[in-house]
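Enquirer:
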Amino acid sequence: MAKMTKEEVIEVAHLARLAITDEEAEHFAEQLEAITNAMELLNELDTENVEPTTHVLEMANVLREDKAEPGLPRELVMKNVKEQEAGQVKVPTILD
């Protein structure tokens, strides 16, 4: 993979609206080169019989079943309401 230059790092930082110094750009360029070199090693692996995955662990739907359950009794809820009218919570008007 091509080496990332200091100028390319400065351009990307500019596009991301990041202010970096020349020294930081050189440092980031070295780090990005090390990262891309490490990723290039993965190209050497034989993945012929490896199934594509979307997650490293076996995942299942972790959400609970969507079923109706009884809520709190209205009388109990209304004990915590500041103002009520006809069994409904009354709130200040926000629209004219």
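Each residue of the sequence shown is one higher than the one before, starting from 164 at the first, in the working numbering.
For each residue, glycine too, the CB sits at the ideal point set by N, CA and C.
These numbers were taken from a predicted model, which means no experiment stands behind them.
1. Note down, one range per segment and in chain order, each alpha helix (DSSP H) of at least 4 residues found wholly within the region 185 to 231.
2. With respect to the alpha helix (DSSP H) encompassing V175, which residues constitute its N-terminal and C-terminal limits?
3. For V254, which three-state DSSP category applies?
4. Just checking, does the region 190 to 202 make contact with the region 165 to 181 on the three C-beta pairs under 8 Å criterion?
5. For E248, which three-state DSSP category applies?
6. Rounded C-beta distance between A192 and V219? I'm assuming under 8 Å.
7. Give the straight-line distance between the Cα atoms of T256 and A223, rounded to the nearest whole angstrom.
8. By Cβ distance below 7 Å, which residues in the same chain neighbour V244 in space, the five residues on each side in sequence not counted?
Expert: Reading from the atomic positions:
1. 185 to 205
2. Here the question's residue 175 lines up with position 12 in the sequence shown. First-last of the alpha helix (DSSP H) with V175: 169 to 178.
3. Here residue 254 refers to the residue found at position 91 of the sequence shown. DSSP places V254 in coil when its eight states are reduced to three.
4. yes
5. Here the question's residue 248 lines up with position 85 in the sequence shown. Here E248 sits in strand by DSSP.
6. The residue labelled residue 192 in the question sits at position 29 within the sequence shown. The residue labelled residue 219 in the question sits at position 56 within the sequence shown. About 30 Å; that fails the 8 Å criterion.
7. Reading the sequence shown from its first residue, position 93 is the one you call residue 256. Reading the sequence shown from its first residue, position 60 is the one you call residue 223. Computed Cα separation, rounded: 45 Å.
8. Here residue 244 is taken as the residue at index 81 of the sequence shown, counted from 1. Answer for V244: V252, listed in chain order.
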